[in-house]
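Residue numbers for the sequence shown follow full-length UniProt numbering, so the first one is 1 and each next one is one higher. No residue lacks a Cβ here, since even glycine has one placed at the ideal position from N, Cα and C.
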Amino acid sequence: MEQEVPVTIHNSGEPKQETPSANPIPEPVRELGSTVSDAVSSFMESEQYEQLKQTATKVKSYIRDNPVPAMLYTLGAGAVLGFLLKKKH
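See the structure below:
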């Protein structure tokens, strides 16, 4: 079965200069995005991020080595969260 794929060919010339009125993203949202991006970048360079990666590796190893207990722990945690978060009728 053949399917046509739309293709857009971009001009290889100079990129267009965006005018401020053509940019649909408001300035406060752009600043928030920049702030969040900076925070994530600094976190990824921190010691806590390295510790988090090491912990994730240890958890993966534990789950591979002990699949049944890990599944039972997960089932228990899900049951506890279900009881805590269920709506009262």
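Which of helix, strand or coil does DSSP assign to residue i?
i, result
"S46", "coil"
"P69", "helix"
"K88", "coil"
"I9", "coil"
"E4", "coil"
"P26", "coil"
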